[in-house]
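> Please find one structure pasted underneath; my questions will follow.
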Amino acid sequence: MDLYIDTANLDEIKEAAALGILDGVTTNPSLIAKEKGVTYHARLKQICEVVSGPVSGEVISTDYAGMMKEAAELIKIAPNIVVKLPTTIDGLKACKALSDQGTKTNMTLVFQPLQALMVAKAGAFLVSPFIGRLDDVAEDGMDLIHRMRQIYDNYGFRTKILAASIRHNKHLVDCALAGSDVATMPLSVIKTALNHPLTDSGLKKFVEDYKKAFPG
Ligand code: E4P
263 MDLYIDTANL DEIKEAAALG ILDGVTTNPS LIAKEKGVTY HARLKQICEV
313 VSGPVSGEVI STDYAGMMKE AAELIKIAPN IVVKLPTTID GLKACKALSD
363 QGTKTNMTLV FQPLQALMVA KAGAFLVSPF IGRLDDVAED GMDLIHRMRQ
413 IYDNYGFRTK ILAASIRHNK HLVDCALAGS DVATMPLSVI KTALNHPLTD
463 SGLKKFVEDY KKAFPG
């Protein structure tokens, strides 16, 4: 499973990249808006200078022509830019047109399985089901991942399932078990993925026992 970080903060991206297990980055307009003193495209360029894997940059337009115009500008930023599009009728048309021209897309704001079926047929490279936001409204985000996996496996769709809106480690474990191709998460989840108190206490004991047996 590929691991992406979901942020536009350069320090966080560098910290995650230094672990050696970071495969890509997802951003969205809200995340880039939090970053002060840098333009939208400039921040995407900076991110692409740190990470060589896929970096999702989202369009702001909601109409087909606007999305295509923005996509043309986004792909000039770096070869690893993936154009992130909303899963709407216009987004679907843009996905198909961009996929046909060889541009990678990430279809975002997916909340039900038919959206996933449609974007796979349009050739999406990535599809982003938002599992945390479904849980927020008392639905089951993980159930969507399972259903999407089943549909994609039934028909051999190659669109990668990118589990998004991950809030905690349980989400990450469940995504791995469900066969999600990619998971994107905040730095806090990446950093706590190695945590277990028995690892800490076990290591403490190993060091103490060694020091007692081999003083000096
Ligand atoms: C993914 O591409 C989105 O940027 C993100 O995962 C949204 O997460 P949120 O629901 O925590 O805002």
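Residue numbers for the sequence shown follow this note's numbering, so the first one is 263 and each next one is one higher.
No residue lacks a Cβ here, since even glycine has one placed at the ideal position from N, Cα and C.
Keep in mind it's a predicted model, so treat the numbers as computed, not measured.
Could you tell me which residues DSSP pairs with Pro348 in its beta bridges?
The residue you call residue 348 lines up with position 86 of the sequence shown. Thr370, per the DSSP bridge assignment.
> Identify which residue in Ala400, Val399, Thr350 and Leu424 has its Cα closest to the Cα of His408.
Locating residue 408 in the sequence shown gives position 146, where the first residue counts as 1. Answer by Cα proximity: Leu424.
> So who's on the other strand from Tyr266, going by DSSP bridges?
Numbered from its first residue, the sequence shown carries residue 266 at position 4. DSSP, once it has assigned bridges, lists Gly286 and Thr446 as partnering Tyr266.
> Tell me, please, whether the segment 345-361 touches the segment 374-392 by the rule of three or more beta-carbon pairs shorter than 8 Å.
yes
> Whole angstroms is fine: what's the gap from Gly250's alpha carbon to Ala475's?
This structure does not reach residue 250, given that the chain is present from 263 up to 478, and the question cannot be answered.
> State the start and end residues of the unbroken beta strand (DSSP E) segment that holds Leu424.
Here residue 424 refers to the residue found at position 162 of the sequence shown. From DSSP, the beta strand (DSSP E) with Leu424 extends over Lys422 to Ala425.
> Count the other CB atoms, across all protein chains shown, that sit within 10 Å of the CB of Gln412; report buried if there are 16 or more and exposed otherwise.
Residue mapping note: residue 412 aligns to position 150 of the sequence shown, counting from 1. In summary, Gln412 is exposed, with fewer than 16 beta-carbon neighbours lying within 10 Å of its beta-carbon over all protein chains present.
> For Ser314, name the three-state secondary structure that DSSP assigns.
Locating residue 314 in the sequence shown gives position 52, where the first residue counts as 1. It is coil, neither helix nor strand.
> Between Gly394 and the ligand E4P, is the CB less than 6 Å from at least one heavy atom?
Here the question's residue 394 lines up with position 132 in the sequence shown. Gly394 Cβ: within cutoff of the ligand E4P.
> Taking the straight line between their C-alpha atoms, what separation do you get for Asp415 and Met330?
As a position in the sequence shown, residue 415 is number 153, starting the count at 1. As a position in the sequence shown, residue 330 is number 68, starting the count at 1. Asp415 and Met330: Cα-Cα distance of roughly 30 Å.
> Since Leu293 sits in a beta bridge, which residues does DSSP pair it with?
Position 31 of the sequence shown, counting from 1, holds the residue named residue 293. Leu293 pairs with nothing; no bridge assigned.
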